Every structure is written in structure tokens, then in C-alpha cells.
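Per the working numbering, the sequence shown starts with residue 0, numbered consecutively. Accompanying notes for the structure given below.
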Amino acid sequence: MTRTMKMVLMVAGIALAATTATAAVAAWAPDQSTPRGFNWEIKDGKRVPKGQRQTNADGSWKEEIRQGKCVTVKEKSASGEYKETRRCD
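And the structure:
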């Protein structure tokens, strides 16, 4: 084989390997779960906040987030006052 033919085959081999590696990484990525410590999780490809947030008509809200035996309660009043409490049972 000529030097040019060897070079073409080598470049084609590298391109095939790169394509295979890229496809393997792309196939792995959707199976990842949300890392610990994040305040949201992915459902149907969209970010969804963790916890149970209850929003009232006046704009105030209350959210409870459970982490093991502990519960964090976040509250915000209609006037903008924010309060966060944590209790462990």
C-alpha cells in the first residue's frame, strides 16, 4: 500500500473511534440523576423543584423539604418576609 492510502485509512479509523466514543457518552448522559444537594430534580426533561410548595392567592408560599429524618420549612409572606426553620425528629 502506498503512503497516502495508509494515511487515509488511519484518519478514517480515528474518525470512527471518535464517533463511537461520542455516541457512547451521549447514550450515557440521559440516565444521570440530579446530584445530591440540588434543590430541583429533572422530570420529563424539565427542572422541577423538590419539596411541596403551596402558593397562596396573596403571593405568600410555604415549602417543606424532607432530607432523611429532618424537615426544612421555608415560608415567605405576602409582604416579602422570608423565614426558614429546620426540625429533626
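Even glycine gets a Cβ: it sits at the ideal position worked out from N, Cα and C. Since the structure is predicted, the reported quantities are computational estimates derived from the model, not experimental observations.
Can you name, in chain order, every residue of its own chain whose Cβ lies under 8 angstroms from the Cβ of residue 85, other than the five neighbours on each side?
-> Numbered from its first residue, the sequence shown carries residue 85 at position 86. In chain order, 69, 70, 71 and 72 place their CB closer than 8 angstroms to the CB of residue 85, counting only its own chain and leaving out the 5 sequence neighbours on each side.
Can you give me the Cβ contacts of residue 74 inside the same chain, cut-off strictly under 6 angstroms, excluding the 5 residues immediately before and after it?
-> Indexing the sequence shown from 1 puts residue 74 at position 75. Closer than 6 angstroms at the Cβ level, and outside the excluded window around residue 74, lie 61 and 82.
Residue 73 - containing beta strand (DSSP E), residue span | Position 74 of the sequence shown, counted from the first residue, corresponds to residue 73. Taken as a continuous stretch (DSSP letters only), the beta strand (DSSP E) holding residue 73 covers 69-75.
So residue 84 is in the beta strand (DSSP E); what residue range does that whole segment cover?
-> Start at 1 with the first residue of the sequence shown, and residue 84 comes out as number 85. DSSP places residue 84 in the uninterrupted beta strand (DSSP E) bounded by 81-87.
From the DSSP output, which residues share a beta bridge with residue 47?
-> Counted from its first residue, the sequence shown places residue 47 at position 48. BP columns for residue 47 point to 40.
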